[in-house]
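Scroll down for the structure; my scribbles are underneath it.
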């Protein structure tokens, strides 16, 4: 971590810096970068596995799942990545913990329900502006001890992208510092109790109980009824009476016939 990153965070994100200090996660801030996920992953590959959060005002090469472009106006939304040292076997539950912490944080600020759509989206389905509110994207970097990099994007200000919504659009008032501090506080309890994080996502799942199509790599897909989340956050789908588990893929919610 550079001294400049730390000083900038203390000025722009004082509440988040304080919350991070309480849970042992350093908060860093940069004005512009290509991708916060790429930055933290590159540092990890160079041997830096320290716990930290990197926030950017603007990302010029932000990516979502399947390398979809993530675009956001400067300083209008929360664009951040977490780096948490952990073994590969423990990484999936940690991603669940971060996703649950983000959902809990943003839900505490909104007058409408925030649901979890497997594998990585937080959606608002009701109110004046339904759509995607936030997303999570993770990658693992091997090493000793290794680290999970979890990118988080939360729409805060006005947004005109199709299928998206924001905290402002649904009548919530919050800034990036406040939201990140809430996420860090929630993460403290979630990562100590992975079962709590999993329960959070189960209760607020928009996917469980619905007919779904799981689109898999290689242009294949499977249809069935989503029935549960496994201990590592994998989606369990009843396919013609057989329960199948999926740890990756995109999900399409199907309309009931």
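Residue numbers (our numbering): 1134 to 1390. By construction, the Cβ of each residue, glycine as well, lies at the ideal position given by its N, Cα and C atoms. The structure presented is a predicted model; accordingly, all values stated were derived computationally and were not measured.
Asked, Found
"Need the endpoints of the alpha helix (DSSP H) that residue 1237 sits in, please.", "1224-1240"
"Pull the bridge partners of residue 1386 from the DSSP assignment, please.", "1345"
"Going along the chain, which residues of its own chain have a beta-carbon closer than 6 Å to the beta-carbon of residue 1304, five neighbours each way excluded?", "1244"
"What are the boundary residues of the beta strand (DSSP E) that residue 1166 is part of?", "1159-1166"
"Could you check whether residue 1216 and residue 1266 sit closer than 8 Å to each other, using their CB atoms as the reference points?", "no"
"Determine the burial state of residue 1275: buried for a count of at least 16 other Cβ atoms within 10 Å of its Cβ, exposed for fewer.", "exposed"
"So, at 8 Å on beta carbons, what are the nonlocal neighbours of residue 1221 in its own chain, with the 5 sequence-adjacent residues on each side left out?", "1273, 1275, 1279"
"Taking just the CA atoms, how far does residue 1146 sit from residue 1189?", "11 Å"
"Answer yes or no: do residue 1360 and residue 1370 have a C-beta to C-beta separation smaller than 8 Å?", "yes"
"Run through the DSSP bridge pairs and tell me what residue 1191 is partnered with.", "1165"
"Can you give the beta carbon distance from residue 1378 to residue 1363, rounded, assuming they're within the 8 Å contact cut?", "6 Å"
"Can you tell me which residues form a DSSP beta bridge with residue 1377?", "1370"
"Which of helix, strand or coil does DSSP assign to residue 1309?", "helix"
"Measuring straight from C-alpha to C-alpha, what distance separates residue 1262 and residue 1306?", "15 Å"
"For residue 1248, does the three-state DSSP call read helix, strand or coil?", "strand"
"Are residue 1242 and residue 1300 touching if we call contact CB-CB under 8 Å?", "yes"
"Below 8 Å between beta carbons: does that hold for residue 1237 and residue 1319?", "yes"
"Can you grab the Cα-Cα spacing for the pair residue 1314 / residue 1150, in whole Å?", "8 Å"
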